[in-house]
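The next block holds one structure in the form of structure tokens; read it before the comments.
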């Protein structure tokens, strides 16, 4: 099972734990209206009707079921509702609206009087042909490249971003909680969706200098300053910042596919799909900032696909540019944890004829389920364009800096957030709850009670404290690591473990020196460090996994029966350096003494009649790796180092090249060794049809070596899924010295199940996987053909240019988090003990 990333775990824990808290309740204020528009005669919903606040540009449209939500202004309670085939109606909203109340508005059909006979005209059927709205959108699409600011060379601007998270629908009711948390009532705000009270959770700001790149045609961004404050700062190692930045990515209305909530939505201006995916209707003509605009409403043909509802205000006299965009999601879309989303963008026409973005607001409501209170988020982006020269910024980014450079003034509740955090820390109940969350989320126990990562030594990971296997029996392990608060350049880490059956101590100890000062952890990006590790522990043959997974309790549940293991005494000297360009380099020396244990034996075939039992062997090698991951998102404070660099959208290729070399006698090594390996991975988006994740690995062992040094498929015998692993192959079931491995997963995002009545209400999603392995064992490493080699274990089968294949079909999004796959082996079915099929369980948190 892949460990749940900190950023997602925290975000969902935030939604679940606090939204279910007993002191949350229902409270509403005025300012927002929810309604439904119906036919006054038949009572049927009126789809795609225009709803406009009188004498303003505030407007929306009803969805496929006739529902709408619109904000009204103090003193202006009149809305205008219009739709083709109906009379336009002006409705005055009531002064008081009850909690959860939906206003029902009835539209009268347009009539044709013939004496006393009233005839209702047929509702026109939608057609793309001879549709003025479609023709207008084709003009928008044809001109969109010249209206995009990033396609104009020499443009420079300052971009300010502010993201605030709230607990929605908040009120203290319990007497005990009100006694301890009564001060919270001084920190409440109002939600744009519901008009209800919300409590400010956290706020983060970022100021960026942006320039258009004449060479790449894209944008070059330089982050000038960023700051954050809120409840998550105790266990935010930087991953939360990046996660939220990616969830609330800037929307480019002119993109063919728009990245929202780590998914891709078909844009209403998509060059290929817009007119096929959406219905377009001209609503009216109006003037915005002295620019004549046509309001075009759009709705997807299939409201369950990854698409938007909304309105585009098109400047028909100015190159068909978009003056304003108002996007929301259909009610029936299969998106997890999301109740509402609205994106509002404003554009300005400059004196030189260029269209520039002025402001962007994103409003969202998240909830784990219908009966839990929501988390409300508001993201604002503001833009200031630099006409002459460059902006100069001071090195110190204190509060005075933000007051001078902040585009949007902070609300009182945002300015008071540090005060709220201090007040919460004074409540023992809150401190205990925060400590519990910190341990669950990070997997470490800090030895300091101070907030914001002030601990000098962290104990963990807690998931590795206990294990069980046939060699050691019950196993206990305790580990710890120092942080930058102990020393900003020198770092120590390690663990001790004891097996009660083999009665042996195991250990690992690492000392590292960083050539750059660290904020919190040694492996935080970027790295430029030297380290030395000494280790003695038990390893499984054919099981390659990092330290975070090796003793993980959940992984151990599926590997406890593996008896082909060996004790390994390891030494490693390594140098690692990262560059901001996405390039990383590692070089190392490894010295390993390997002793077989359990059912594993090393038996040397000297000749046809002579076998020698070998007590172990020593391998000493040097190696290096180059990794290149353009576009990968890095963050500074994470324990995981380069492995924690995140590409949430995964739309950039990732490459790795590795080679290891040893010669006999070097540092006491018994064998020469040459191995090369290359891996490449990428994600291929299919617009709203989902995406395909692909991974290819190829390697070769160039010389004659004992079988523990040969290649074997990376497997996962656990009941839990693990990415880029074979799930029906036993450890070291196949052996080769040259191979190519392929893993593909197609996430259909409910593209099929969303179209099946009743089933679609479950919001399940389909997953299809395929994995293949080509392997070949040359004669020089085959003990059946060459003497002087270790005999293979009985369970190992040499590959002779054949291909192993397996695949699965699965359902994910079960209760929003679970995934179950049925795996089937397609080849090598006649091997003794071959596992032909199986069920694997996964946990995947996704929007």
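Residue numbers (our numbering): 3 to 849. Think of the CB as a built atom: it goes at the ideal place given N, C-alpha and C, for glycine as much as any other residue.
Tell me the rounded alpha-carbon separation between residue i and residue j.
i: residue 366; j: residue 442; result: 26 Å
i: residue 342; j: residue 332; result: 9 Å
i: residue 328; j: residue 682; result: 39 Å
i: residue 277; j: residue 299; result: 13 Å
i: residue 806; j: residue 435; result: 50 Å
i: residue 410; j: residue 384; result: 8 Å
i: residue 437; j: residue 816; result: 30 Å
i: residue 283; j: residue 234; result: 44 Å
i: residue 208; j: residue 43; result: 53 Å
i: residue 629; j: residue 660; result: 9 Å
i: residue 894; j: residue 579; result: Past the edges of the chain, shown from 3 to 849, lies residue 894, and the structure says nothing about it.
i: residue 742; j: residue 803; result: 11 Å
i: residue 590; j: residue 627; result: 9 Å
i: residue 638; j: residue 787; result: Since pLDDT at residue 638 reaches only 46, below the 50 mark, its modelled position is unreliable, and the value read off the structure follows with that caveat. If you take the alpha carbons of residue 638 and residue 787, they lie about 53 Å apart.
i: residue 523; j: residue 242; result: 16 Å
i: residue 846; j: residue 613; result: 50 Å
i: residue 351; j: residue 390; result: 18 Å
i: residue 205; j: residue 168; result: 9 Å
i: residue 222; j: residue 756; result: 39 Å
i: residue 289; j: residue 295; result: 6 Å
i: residue 770; j: residue 317; result: 45 Å
i: residue 56; j: residue 149; result: 30 Å
i: residue 456; j: residue 487; result: 6 Å
i: residue 716; j: residue 165; result: 41 Å
i: residue 735; j: residue 714; result: 8 Å
i: residue 720; j: residue 458; result: 35 Å
i: residue 466; j: residue 525; result: 20 Å
i: residue 137; j: residue 269; result: 17 Å
i: residue 849; j: residue 265; result: 8 Å
Residue range of the alpha helix (DSSP H) that residue i falls in?
i: residue 477; result: Unbroken run through residue 477 is the beta strand (DSSP E), 475–484; no alpha helix (DSSP H).
Taking the beta strand (DSSP E) that residue i falls in, what are its first and last residues?
i: residue 823; result: 820–827
i: residue 268; result: 265–268
i: residue 740; result: 740–749
i: residue 723; result: It is not in any beta strand (DSSP E) - residue 723 carries neither H nor E in the DSSP assignment.
i: residue 505; result: Unbroken run through residue 505: none, as it is neither H nor E.
i: residue 262; result: 259–262
i: residue 207; result: 199–214
i: residue 598; result: 585–600
i: residue 661; result: 656–664
i: residue 807; result: 802–816
i: residue 839; result: 839–845
i: residue 704; result: Where residue 704 is concerned, there is no enclosing beta strand (DSSP E), given that its DSSP letter is neither H nor E.
i: residue 223; result: 221–232
Might you give, ordered along the chain, the residues of its own chain that have their beta carbon closer than 7 Å to the beta carbon of residue i, omitting 5 neighbours on each side?
i: residue 831; result: 838
i: residue 425; result: 185
i: residue 226; result: 209, 210, 211 and 395
i: residue 833; result: 799
i: residue 540; result: 473, 474, 508, 567, 569 and 599
i: residue 779; result: 737, 738, 739, 800, 801 and 802
i: residue 189; result: 201, 202, 415, 418 and 422
Which residues in the same chain have their Cβ closer than 6 Å to the Cβ of residue i, if we skip the five residues on either side of it in sequence?
i: residue 510; result: 496, 497 and 537
i: residue 572; result: 537 and 594
i: residue 70; result: 37, 53, 62 and 64
i: residue 699; result: 681 and 743
i: residue 677; result: 662 and 703
i: residue 576; result: 533 and 590
Assuming residue i contacts residue j under a Cβ cut-off of 8 Å, what Cβ separation, rounded to an integer in Å, is found between them?
i: residue 620; j: residue 672; result: 5 Å
i: residue 330; j: residue 690; result: Actually they do not touch by this definition, with Cβ atoms about 16 Å apart.
i: residue 82; j: residue 92; result: 5 Å
i: residue 377; j: residue 170; result: 6 Å
i: residue 142; j: residue 339; result: Wrong, their Cβ atoms sit about 32 Å apart, outside the cutoff.
i: residue 279; j: residue 302; result: 6 Å
Suppose the cutoff is 8 Å on Cβ atoms and the five residues either side in sequence are ignored; what does the same chain contact list for residue i look like?
i: residue 398; result: none
i: residue 95; result: 35, 74, 79, 80, 81 and 105
*Jot down the residue ranges of each uninterrupted beta strand (DSSP E) in the region 270–343, minimum 3 residues, whole runs only, in chain order.*
280–290, 293–302, 311–317 and 323–330
_So within the region 124–196, which uninterrupted alpha helix (DSSP H) runs reach at least 4 residues, ignoring any that extend past its ends?_
134–144, 146–149 and 177–183
_3 or more residues per run - each beta strand (DSSP E) lying fully within the region 393–464_ = 446–448 and 459–462
*Would you list, in sequence order, the uninterrupted beta strand (DSSP E) runs of no fewer than 3 residues that lie entirely inside the region 38–98?*
52–55, 61–63, 69–73, 80–84 and 91–94
*Report the residue ranges of all beta strand (DSSP E) runs contained in full by the region 597–628; include only those spanning at least 3 residues, in chain order.*
604–607 and 613–616
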